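In the UniProt record's numbering, the protein residues as written are 1 to 243.
Below is one structure, written out as structure tokens; the observations come after it.
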Amino acid sequence: MPYSFQIGHSYTRRDVYRAIGIPEDTRGGNWDTGYARHGNDWFIFCNVGTSGRTGHDYANKWVGDRLEWYGKTNSQLHHPSIQSMLSLDSDTYIFWRENNQQPFIFAGIGNAEEVEDITPVKIIWAFATAIFPDEIPASAILREGAVCKVSVNAYERNPVVRQQCIKHYGTSCYICGFNFGKIFGKLGEGFIHVHHLRPLSEIREEYEVNPVEDLRPVCPNCHAMIHRRSPPLSIEEVKVLIT
1 MPYSFQIGHS
11 YTRRDVYRAI
21 GIPEDTRGGN
31 WDTGYARHGN
41 DWFIFCNVGT
51 SGRTGHDYAN
61 KWVGDRLEWY
71 GKTNSQLHHP
81 SIQSMLSLDS
91 DTYIFWRENN
101 QQPFIFAGIG
111 NAEEVEDITP
121 VKIIWAFATA
131 IFPDEIPASA
141 ILREGAVCKV
151 SVNAYERNPV
161 VRQQCIKHYG
171 TSCYICGFNF
181 GKIFGKLGEG
191 FIHVHHLRPL
201 SEIREEYEVN
211 PVEDLRPVCP
221 NCHAMIHRRS
231 PPLSIEEVKV
241 LIT
């Protein structure tokens with residue numbers, strides 16, 4: 001059944017238990033060791049770049065907006081739990097964090113884009129996100145000599161980078177000041193797009209995004225207006241249009 005977790009919002013395991021109705025006497029066990037099933041749905045609690053509280057340290061990482069994830073220590077592709085997780089009959093709710101002392105962040109419902117039959121099993125999870133029509137898809141890389149043009153979406157939708165940008169600037173639109181939480185209450189808390197300032201032509205192979213210098217939080221309306229032209233309008237140009 002669908003659950004109303006908000007992408008980008010923080011949840012403790014206890015928050016998730018309450019939201020999906022896990023009885024007190026069935027908590028613990030698999031729920032504390034990475035992933036567990038409830039009904040037809042799976043719930044993954046993923047540590048990225050840090051070991052879990054059990055001491056296990058897997059190479060989970062974000063690659064653009066894809067999550068490279070590893071199952072439990074001895075997990076294999078043929079195991080019933082992994083087969084169930086990959087089934088079209090199941091939804092897989094994925095929560096992640098960089099610090100094992102902090103709550104998890106809801107990444108969304110994952111779709112298995114790639115599966116590698118190793119031990120532990122490796123899955124590349126993709127998440128449904130909107131792409132502006134004049135932007136290159138996040139998975140695309142166009143090579144022209146020494147220049148590697150990478151979609152701005154690979155940075156705008158990377159959850160780690162996104163969180164660092166929002167931590168610095170907050171969740172109000174950098175252009176118009178709109179704040180979803182103030183207007184829509186709890187439903188809108190934390191919701192905001194993140195825009196990459198640098199044109200695609202300036203992004204080279206050795207480029208590393210700086211969340212404070214290169215990104216800005218913008219509302220969907222302002223974000224859409226930025227991309228109404230090619231090359232995109234600057235933040236300052238859109239600000240002038242609404243003043």
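Backbone N, C-alpha and C define an ideal beta-carbon position, used for all residues, glycine too.
The model shown is predicted, which means the values in this text are computed figures rather than measured ones.
Helix, strand or coil: which one does DSSP assign to Val212? helix
Going by alpha carbons, who is nearest to residue 246 out of Trp69, His78 and Asp41? Residue 246 lies beyond the residue range present for the chain, which begins at 1 and ends at 243; the question has no answer from this structure.
When you compare only the Cα positions, how much space is there between Val161 and Ser87? Each residue's Cα considered, the two are about 30 Å apart.
Simplified DSSP state of Pro217, which is helix, strand or coil: DSSP places Pro217 in strand when its eight states are reduced to three.
The alpha helix (DSSP H) spanning Ile20 covers which residue range? Arg13 to Ile20
Check for me: the beta strand (DSSP E) holding Val48 runs from which residue to which? Run containing Val48: none; DSSP gives neither H nor E here.
What is the DSSP secondary structure of Ser84, counted as helix, strand or coil? In this structure, Ser84 counts as helix in the three-state DSSP scheme.
Contact between the region 92-104 and the region 9-19 (3+ Cβ pairs under 8 Å): yes
Going by DSSP, which residues form a beta bridge with Ser10? Beta-bridge pairing links Ser10 to Ile105.
Can you check DSSP and say which residues form a bridge with Lys61? Glu68
Using the Cβ count rule (16 or more neighbours within 10 Å means buried), how would you classify Asp214? buried
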